[in-house]
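Working notes, beginning with the structure itself.
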Amino acid sequence: MNQCANQGRLSSDWLMPIHYSETRRPGFTLIEVLVVIAIVGLLVALLIPAVQMAREAARRTFCMNNLKQIGLAMHNYHSTCGSFPGSSIARQFSPHVALLPHLGETTLYNSINVCLFEFGESPMLNKTAGTTQVGMFLCPSEALPTYGQASTSYAGCAGYGFQIRKKRNGVFNNPPVSLTGLTDGASHTAAFSEWLLAPPPADHGTNHDRRRYNFQIEKLIRPHQFDQFTSTCLQADASRNSFGSHPRGVGWMNPGEGKTLYNHDLTINGPTCFNGMFIREGAWTAGSFHSGTANVLFADGHVHPIKDSIEPRVWRSAGTRAGGEVMEGWNY
1 MNQCANQGRL
11 SSDWLMPIHY
21 SETRRPGFTL
31 IEVLVVIAIV
41 GLLVALLIPA
51 VQMAREAARR
61 TFCMNNLKQI
71 GLAMHNYHST
81 CGSFPGSSIA
91 RQFSPHVALL
101 PHLGETTLYN
111 SINVCLFEFG
121 ESPMLNKTAG
131 TTQVGMFLCP
141 SEALPTYGQA
151 STSYAGCAGY
161 GFQIRKKRNG
171 VFNNPPVSLT
181 GLTDGASHTA
191 AFSEWLLAPP
201 PADHGTNHDR
211 RRYNFQIEKL
221 IRPHQFDQFT
231 STCLQADASR
241 NSFGSHPRGV
251 GWMNPGEGKT
261 LYNHDLTING
271 PTCFNGMFIR
281 EGAWTAGSFH
291 SGTANVLFAD
301 GHVHPIKDSI
311 EPRVWRSAGT
321 RAGGEVMEGW
331 NY
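Shown next, in the form of structure tokens:
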């Protein structure tokens with residue numbers, strides 16, 4: 001009996017509810033949270049520049065491909081016409097217009113009335129074509145200015161030196177020239193280069209990247225004043241109100257220096273300056289947003305990024321087609 005009674009009590013005790021103490025798992029401390037945030041921030045800081053560099057490399061490659069296509073169009077035009085297209089105000093249109101059919105833009109080319117001067121002369125003359133942005137004429141690193149015209153990041157080479165209209169020593173300057181006229185060698189003669197578009201007049205003084213501006217400086221136009229002119233230009237300060245409103249690269253149909261032609265007076269990424277005269281002389285300078293370089297198309301069709309540290313003498317030699325310069329020290 002006692003044994004059975006004891007067993008009953010044991011069973012009863014076994015069925016009694018057992019109370020467990022509630023324990024909470026500790027969370028992150030403030031220090032741990034701050035450490036995690038710091039690690040994430042460090043990773044982001046490391047990754048963002050890498051992503052930006054990859055994107056810029058892609059844009060630079062895209063830009064080079066645009067110039068290669070322009071080079072192919074140049075040589076197709078040469079095969080058809082026996083020369084490269086010329087360019088001057090007297091010729092009414094830029095070389096870009098002549099290259100359109102060879103860039104897959106035949107419809108756009110056919111819409112241009114070549115008997116009329118550039119569309120800016122009248123609101124109705126070739127306006128549709130002049131406001132049509134040709135994708136191949138624009139570098140993806142560039143932003144469009146607000147002039148109401150289509151733009152070009154790629155300018156034809158007009159040569160080097162003052163009174164350049166008289167010298168006619170570039171690939172695209174006045175009369176058309178053929179490959180036989182490039183006695184310096186097509187592989188050493190620049191044909192097209194990138195340049196930076198000038199900002200609209202309303203933006204003057206708000207962006208102090210002096211590579212973008214057209215500085216209006218003293219009226220130094222004589223050949224013997226060339227060194228004085230370039231020295232003054234190199235000292236131009238974008239924080240001062242010394243720039244003009246000449247739209248560089250705006251209007252890919254427009255002919256002439258500073259519109260669709262550049263020169264080799266100053267090296268890559270230098271400032272652009274003009275003297276403010278009616279017939280403007282100046283340094284219309286190549287440049288780009290690609291770090292320390294600009295892509296240049298040579299007359300033989302190859303494209304190469306040129307460093308802005310290139311020796312001025314060598315850069316100027318590359319701008320002439322028949323200058324007879326010895327290209328010593330040529331280094332990309």
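No gaps in the numbering here: position 251 of the sequence shown is 251 in the UniProt record's numbering, and each next residue is one more. The C-beta atom is built at its ideal place from N, Cα and C for all residues, glycine as well.
According to the DSSP assignment, T293 belongs to the beta strand (DSSP E) that extends over T293 to F298. The stretch 190-199 makes contact with the stretch 291-310, as at least three CB pairs between them are under 8 Å.
Within its own chain, the residues whose Cβ lies closer than 7 Å to the Cβ of G319, once the five positions on either side in sequence are excluded, are C157, G159, Y160, G170, A190, N263 and H264, listed in chain order. Rounded to whole angstroms, the gap between the alpha carbons of R168 and A299 is 16 Å. Within the DSSP secondary-structure output, H304 pairs in a beta bridge with V296.
About 5 Å separates the Cβ atoms of T267 and P312, confirming a contact at the 8 Å cut-off. Look at A155 here: in three-state DSSP terms it is strand. The stretch 58-66 and the stretch 174-189 do not touch, with fewer than three beta-carbon pairs separated by less than 8 Å.
For the pair T152 and G282, the CB atoms are not nearer than the 8 Å cut-off. Here the alpha carbon of T106 sits roughly 6 Å from the alpha carbon of L100. Residue state for N126 is assigned as coil, using DSSP reduced to three classes. In this structure L234 does not touch P175 by the C-beta definition: roughly 32 Å separates them, more than the 8 Å allowed. Burial of I217 is indicated by the presence of at least 16 other C-beta atoms within 10 angstroms of its C-beta.
Using a 10 angstroms sphere on the CB of H96, the tally of other CB atoms reaches 16 or more, which defines it as buried. Beta-bridge partners of C273 (DSSP): F215 and A283.
Sequence-distant Cβ neighbours of A73 in its own chain, meaning closer than 6 Å and more than five residues away, are L99, H102 and L103.
Secondary structure of Y77 (DSSP, three-state): helix.
The Cβ atoms of S141 and S231 lie no closer than 8 Å to each other. With fewer than 16 other CB atoms across the displayed protein chains lying within 10 angstroms of its CB, Q133 is exposed. Per DSSP, the beta bridge partners of A190 are F298. Relative to K127, the option among L108, K68, M136 and G135 whose CA is nearest is L108.
Membership of C233 in the alpha helix (DSSP H) is indicated by the continuous run F226 to L234. Under the three-state reduction of DSSP output, E142 falls in the coil class, being neither helix nor strand. For T29 and A38, the gap between their C-alpha atoms comes out near 14 Å.
The C-beta distance from F93 to V114 rounds to 7 Å, short enough to meet the 8 Å contact threshold.
Just measuring C-alpha positions, the residue of L220, Q228 and N214 sitting nearest D237 is N214.
When rounded, the separation of the alpha-carbon atoms in T80 and G251 is 26 Å. Selection L138, N269, V44 and A155 evaluated against L261 yields A155 as nearest (Cα-Cα). Going by beta carbons, R321 and L182 fall inside the 8 Å limit. Looking at the DSSP output, L261 shares a beta bridge with G156 and E257. The alpha-carbon separation between A198 and F274 amounts to approximately 13 Å.
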